[in-house]
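Structure first, commentary second.
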Amino acid sequence: MSGPDQTYPCTSCQRRLRWRPDLVGRRVRCPCGAVIVVPDAVTEPVADEDGATDADGSGVREAAAAAGVFGQMGGRSAMERRLERREDEDLGSKAMDVHVPLAFLIVGVIINFALWLIFVDGVGLALLGGLGTVLGEALIFAPLTIFVAFYTASLIDTDFGPLRQATFKLSAIAIGPGAVADCLFFSFMSLATFDFWILPIGFLIFVIVVGSPLALMYRLGLHETALFVAILVLPRIAALFGLGAVFKDLFFSGM
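The opening position of the sequence shown corresponds to residue 67 in this note's numbering, with each subsequent residue numbered one higher.
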């Protein structure tokens, strides 16, 4: 059976996803963040006389009647339990879509300014450095992060969600944790001698500081996180390394 309207349910949020034969057996990501395997066969929802649908095909009227009998026996209907689970999932989804990214953004900016206060002399210089880092993240690396995310999604057949939502979440990671990672890498360069061996250290810093929030918000696996961070961080590290090469007297005390 083939047709443009065939769908299958997400195992986490029960959202109906459009079935495509070319994706059978492959892992895809639901907008809720859950990773599911596309089935090789789909079951279409069954509609009753009033047009209501039942995703598992059991029939809406029979389920409603059974729920009424169960309720009279003092139990809770499956519909009530499902609504409660869906409400909990919606709250969890809102936290991951709004609260967690906002927390990463705010905490990251605060830590960034705190690190500048530690590593430079003078509050004015620290504020200037912290502000410059945050602006650089917002104007340069946030757009780069969004581009890399959608490019990586095409490579690993995943989904970072709607554009507006993904833009907010990825920008929060780039500006908050990204600023912290940049500041840590700059401070490390200032204490080290100028050589290529500092690049793996910088990559490790970004994997921990940037990759961990990304994996948490999108429930990415290890290989997905590694691929994303590699594509995102390598040009970023190269740019920071280039700044270090140009301004050796500023960054490298060992020269």
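The beta carbon of each residue, even a glycine, is placed where N, CA and C say it ideally should be.
Unbroken alpha helix (DSSP H) run spanning residue i, endpoints
{"i": "Val214", "result": "Ala208 to Ile222"}
{"i": "Pro266", "result": "Ile264 to Phe272"}
{"i": "Leu229", "result": "Leu229 to Leu257"}
{"i": "Leu282", "result": "Ser278 to Tyr284"}
Straight-line gap, residue i to residue j (C-alpha atoms, nearest Å)
{"i": "Leu270", "j": "Gln72", "result": "44 angstroms"}
{"i": "Gly190", "j": "Thr211", "result": "30 angstroms"}
{"i": "Ala292", "j": "Val276", "result": "11 angstroms"}
{"i": "Arg84", "j": "Leu250", "result": "44 angstroms"}
{"i": "Ala296", "j": "Ile303", "result": "10 angstroms"}
{"i": "Val299", "j": "Thr199", "result": "16 angstroms"}
{"i": "Glu153", "j": "Arg92", "result": "Summary for Glu153: the model assigns pLDDT 45, below 50, so the residue's position carries little reliability; its value from the coordinates is reported in the next sentence. Each residue's alpha carbon lies about 29 angstroms from the other."}
{"i": "Ala208", "j": "Val175", "result": "14 angstroms"}
{"i": "Val273", "j": "His289", "result": "12 angstroms"}
{"i": "Gly134", "j": "Val101", "result": "A caution first: Gly134 carries a pLDDT of 47, below 50, which makes its placement in the model unreliable, though a value can still be read off. The straight-line gap from Cα to Cα measures roughly 34 angstroms."}
{"i": "Ser253", "j": "Tyr217", "result": "31 angstroms"}
{"i": "Leu286", "j": "Ala232", "result": "14 angstroms"}
{"i": "Cys96", "j": "Cys76", "result": "7 angstroms"}
{"i": "Ala129", "j": "Val166", "result": "Confidence is the limiting factor: at Ala129 the pLDDT is only 46, short of 50, which leaves the residue's position unreliable, though a coordinate-based value still follows. When rounded, the distance between both Cα atoms is 38 angstroms."}
{"i": "Leu193", "j": "Trp263", "result": "30 angstroms"}
{"i": "Leu51", "j": "Arg86", "result": "Residue 51 lies beyond the stretch modelled for the chain, which goes from 67 to 321, so this question has no answer here."}
{"i": "Phe234", "j": "Cys79", "result": "22 angstroms"}
{"i": "Ala180", "j": "Val173", "result": "10 angstroms"}
Residue from the options with nearest C-alpha to residue i
{"i": "Leu205", "options": "Gly268, Ile241 and Pro228", "result": "Ile241"}
{"i": "Ser256", "options": "Phe234, Ala169, Gln80 and Phe185", "result": "Phe185"}
{"i": "Leu229", "options": "Leu282, Asp163, Val94 and Ala245", "result": "Asp163"}
{"i": "Leu168", "options": "Asn178, Leu236 and Leu194", "result": "Leu236"}
{"i": "Asp88", "options": "Asp106, Arg81 and Gly188", "result": "Asp106"}
{"i": "Gly244", "options": "Gly308, Phe262 and Leu171", "result": "Leu171"}
{"i": "Asn178", "options": "Gly196, Tyr284 and Val103", "result": "Gly196"}
{"i": "Val81", "options": "Val94, Cys98 and Val90", "result": "As written in the sequence, residue 81 is Arg, which differs from the Val given in the question. Of the listed residues, the one whose Cα sits closest to Arg81 is Cys98."}
{"i": "Ala305", "options": "Cys79, Phe294, Tyr74 and Leu265", "result": "Leu265"}
{"i": "Glu384", "options": "Ala215, Ala247, Ala180 and Thr224", "result": "Outside the modelled stretch of the chain, which goes from 67 to 321, sits residue 384, for which no answer is possible."}
{"i": "Ala281", "options": "Thr224, Ala180, Gly308 and Ile267", "result": "Thr224"}
Beta-carbon separation (whole angstroms), residue i vs residue j, contact threshold 8 angstroms
{"i": "Pro279", "j": "Ile239", "result": "5 angstroms"}
{"i": "Phe213", "j": "Ala219", "result": "In fact, because the Cβ distance is near 11 angstroms, the residues do not count as touching under 8 angstroms."}
Range of the contiguous beta strand (DSSP E) that encloses residue i
{"i": "Pro87", "result": "That residue, Pro87, is in no beta strand (DSSP E); it is neither H nor E in DSSP."}
{"i": "Thr77", "result": "Thr77 -> no beta strand (DSSP E), and no H or E assigned at all."}
{"i": "Val101", "result": "Val101 to Val103"}
{"i": "Arg95", "result": "Arg93 to Arg95"}
Q. What residue ranges within the stretch 169 to 203 form continuous alpha helix (DSSP H) runs of no fewer than 4 residues, ordered along the chain?
A. Counting whole runs of 4 or more residues, the stretch 169 to 203 contains the alpha helix (DSSP H) stretches 189 to 202.
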